[in-house]
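Student: Let me give you the structure first, and then I'll get to my questions.
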Amino acid sequence: MQHIVEHLQKYTHSKKQSGIFAAAIDRNAYHPRPFSEHQFQTLQEHEGMLAFIDGSNVELITTPALCVGMIRVAYAAFDGKKRIAGNMREHFVIIEAHGASKYHALLFPGIGSYDRFVIDAEDPDLREGKSRVVLSKGITLARDLAEIHLIVELGKVYPEWTYVRDGDLQAKHPLIQEVLERVYAEKISVAALAKTSDLLTDQGESLLDSVHERAPSGAWMYAPVNDTAPENHQAVIAVVKLQAASKYVFRFETAKTNSIPQEKIAGMLSVHARDWSFPGYPYGLILVHQRALISRRDAEYMRLKLFAHLPQLQNQARAKDAHDVLDLLV
Numbered sequence: 002m003q004h005i006v007e008h009l010q011k012y013t014h015s016k017k018q019s020g021i022f023a024a025a026i027d028r029n030a031y032h033p034r035p036f037s038e039h040q041f042q043t044l045q046e047h048e049g050m051l052a053f054i055d056g057s058n059v060e061l062i063t064t065p066a067l068c069v070g071m072i073r074v075a076y077a078a079f080d081g082k083k084r085i086a087g088n089m090r091e092h093f094v095i096i097e098a099h100g101a102s103k104y105h106a107l108l109f110p111g112i113g114s115y116d117r118f119v120i121d122a123e124d125p126d127l128r129e130g131k132s133r134v135v136l137s138k139g140i141t142l143a144r145d146l147a148e149i150h151l152i153v154e155l156g157k158v159y160p161e162w163t164y165v166r167d168g169d170l171q172a173k174h175p176l177i178q179e180v181l182e183r184v185y186a187e188k189i190s191v192a193a194l195a196k197t198s199d200l201l202t203d204q205g206e207s208l209l210d211s212v213h214e215r216a217p218s219g220a221w222m223y224a225p226v227n228d229t230a231p232e233n234h235q236a237v238i239a240v241v242k243l244q245a246a247s248k249y250v251f252r253f254e255t256a257k258t259n260s261i262p263q264e265k266i267a268g269m270l271s272v273h274a275r276d277w278s279f280p281g282y283p284y285g286l287i288l289v290h291q292r293a294l295i296s297r298r299d300a301e302y303m304r305l306k307l308f309a310h311l312p313q314l315q316n317q318a319r320a321k322d323a324h325d326v327l328d329l330l331v
């Protein structure tokens, strides 16, 4: 243990700050900016109309050629600190392997006009390493589709709201790109806040930690991190600390088509970032996370209902179940 501690101490002390860029993504597609203290902006709180959106998903049945999942998406809208609207939706997803190179995804009920899509099993943006894309990736894509399509639907009715989703604004599939283009075409104000980030500096440091260490006191925004981005990620990336007393900083993105300035949206979020359970994180995102969460009890109930109607699938799913049982014995 002592050798491990000593090595990690040397590693952390050897890191030196230089230019900042997103090393975890293709640098040829993103044009990063060198670090500059002049890019810090003090955040001023702003009252505004915000709609927070989040979703969750769970695998119900998984076999080598089939995956069945459940999605739940929730939103909550606020005028200042007053909650004015909210709702929740559920969808089921079936991912079927068609040959070795394609997966077909079916949605029940459909998401708007979308009731199916196709996944390339060799898609480099979805697979891990050299392995084929795992079937369950289709469930995650369907969840992204449901979240962004909800923004399109709400944006047509409530164009005065600014929509904030948990995560980012990168389209990881042509279908997601298609729906995001509808958001941009409708001039819907949209942003994203991520609790985690794999962005690095050119010296291998965490981008969020590096900016945080060099930040001034108080609530602030560091922007922009990038000058340009690829076609499937038309967003301005920033780092924010939403409350002075908070210990947390987050990756923050806004669409380039937004009419509301990025710093104003960050200021609107800071008004909501005072909840004692997670200081510095918007309460609206905490709320929709809780509303959208699919519990183990819910998942097990739906799984048993499916097996009751389709007992033949239970045998096919036992290979995975056996692995889970072994994990429980360790």
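Going left to right, the sequence shown walks through residues 2 to 331 as this note's numbering numbers them.
Cβ atoms here follow ideal geometry from the backbone N, Cα and C, with glycine treated the same way.
(1) Is Asn233 near Ala172, with beta carbons less than 8 Å apart?
(2) With a 10 Å radius around its C-beta and 16 neighbouring C-beta atoms as the bar for buried, classify Val240 as buried or exposed.
(3) DSSP three-state call for Phe22: helix, strand or coil?
(4) Shortest alpha-carbon distance to Thr258 belongs to which of Ala186, Asp203, Leu209, Pro225?
(5) What is the residue span of the beta strand (DSSP E) that Tyr282 lies within?
(6) Suppose you measure from the CA of Phe308 to the CA of Val59; what does that come to, to the nearest Å?
(7) Mind reading off the beta-carbon distance from Phe79 to Gly281? Whole number of angstroms is fine, and I expect it under 8 Å.
(8) In whole angstroms, give me the CA-to-CA distance for Tyr76 and Asp121.
(9) Val158: buried (16+ other C-beta within 10 angstroms of its C-beta) or exposed?
(10) Kindly list the residues whose CB is nearer than 8 Å to the CB of Ala129, restricted to its own chain and excluding five residues on each side of it in sequence; keep chain order.
(11) Decide yes or no for the touch test of the region 210–222 against the region 141–150: beta carbon pairs closer than 8 Å, at least 3 of them.
(12) Take Ile85 as the anchor and find which of Leu294, Thr255, Trp162, Glu301 has the nearest alpha-carbon.
(13) Out of Pro231, Gly49, Phe109, state which residue places its alpha-carbon closest to the alpha-carbon of Val334.
(14) With distances taken between CB atoms, is the gap from Ala245 to Val237 smaller than 8 Å?
(15) In the DSSP assignment, find the alpha helix (DSSP H) that holds Gly268 and state where it starts and stops.
(16) Nearest by alpha-carbon distance to His290: which of Ser57, Phe41, Arg34, Ala52 is it?
(17) Whole angstroms are fine: how far does the CA of Gly219 sit from the CA of Glu91?
(18) Within the same chain, show all residues whose beta-carbon is closer than 6 Å to that of Ile26, passing over the 5 residues directly before and after it, in chain order.
(19) Over what stretch of residues does the alpha helix (DSSP H) that includes Ile295 continue unbroken?
(20) I need the straight-line Cα distance from Tyr164 to Ala193, nearest angstrom please.
(21) Could you check what DSSP says for Val212 in three-state terms: helix, strand or coil?
(22) Pick out whichever of Pro160, Val119, Asp203 has its Cα sitting closest to the Cα of Ile177.
(23) Looking only at its chain, what residues have a beta carbon closer than 8 Å to the beta carbon of Gly113, apart from the 5 residues adjacent to it on each side?
(24) Here's the rule I'm using: 16 or more other beta-carbon atoms within 10 Å means buried, otherwise exposed. How should Lys196 be labelled?
(25) Just to confirm, is the Cβ distance from Leu243 to Ala274 under 8 Å?
(26) Per the DSSP calculation, Met303 is bridged to which residue(s)?
(27) Leaving out the 5 sequence neighbours to the left and right, which residues in its chain are closer than 6 Å to Leu142 when beta-carbon positions are compared?
(28) Can you tell me whether DSSP reads Ile152 as helix, strand or coil?
(29) Go ahead and label Met332 buried or exposed: buried means 16 or more other beta carbons lie within 10 angstroms of its beta carbon, across all protein chains shown.
(30) For the alpha helix (DSSP H) containing Arg90, list its first residue and its last residue.
(31) Cβ atoms of Ser260 and Ser190: under 8 Å apart, would you say?
(32) Let's see if you can read the secondary structure: which residues bound the alpha helix (DSSP H) around Pro175?
(33) Based on the DSSP secondary-structure assignment, which residues constitute the bridge partners of His105?
(34) Met222 and Gln42: beta carbons closer than 8 Å?
(35) Whole angstroms is fine: what's the gap from Met269's alpha carbon to Ser102's?
Tutor: For this structure:
(1) yes
(2) Buried, by the Cβ-count rule.
(3) Note that Phe22 has pLDDT 48, beneath the 50 cutoff, so the model's placement of it is unreliable and the number below is only indicative. It is coil, neither helix nor strand.
(4) With distances taken between CA atoms, Thr258 lies nearest to Ala186 out of Ala186, Asp203, Leu209, Pro225.
(5) Unbroken run through Tyr282: none, as it is neither H nor E.
(6) 16 Å
(7) With 8 Å as the limit, Phe79 and Gly281 do not qualify as a contact, their Cβ atoms being about 17 Å apart.
(8) Straight-line measurement puts the Cα of Asp121 at about 30 Å from the Cα of Tyr76.
(9) exposed
(10) The question names Ala, but residue 129 in the sequence shown is Glu. Only Val135 meet the Cβ criterion.
(11) no
(12) Trp162
(13) Coverage of the chain is limited to positions 2 through 331, which leaves residue 334 absent and any answer about it impossible.
(14) No, the pair does not count as a contact, with Cβ atoms beyond the cut-off.
(15) Here the alpha helix (DSSP H) through Gly268 covers 263–272.
(16) The candidate whose alpha carbon is nearest that of His290 is Ser57.
(17) 40 Å
(18) With a pLDDT of only 48 at Ile26, under the threshold of 50, the placement of this residue in the model should not be trusted; the figure read from the coordinates follows. Cβ neighbours of Ile26 beyond the five flanking positions: none.
(19) Counting along the chain, no alpha helix (DSSP H) covers Ile295, and no H or E run does either.
(20) Going by the C-alpha atoms only, they are around 8 Å apart.
(21) helix
(22) Among Pro160, Val119, Asp203, the Cα nearest to that of Ile177 belongs to Val119.
(23) Excluding sequence neighbours, Gly113 sits near His150, Val153, Glu154.
(24) exposed
(25) yes
(26) Note: Met303 sits in no beta bridge, so no partner.
(27) Closer than 6 Å at the Cβ level, and outside the excluded window around Leu142, lie His174.
(28) helix
(29) Residue 332 falls outside the range modelled here, since the chain spans only 2 to 331, and no answer is possible.
(30) Where Arg90 is concerned, there is no enclosing alpha helix (DSSP H), although the beta strand (DSSP E) it sits in stretches over 83–99.
(31) yes
(32) 175–186
(33) Per DSSP, the beta-bridge partners of His105 are Glu97, Val119.
(34) yes
(35) 45 Å
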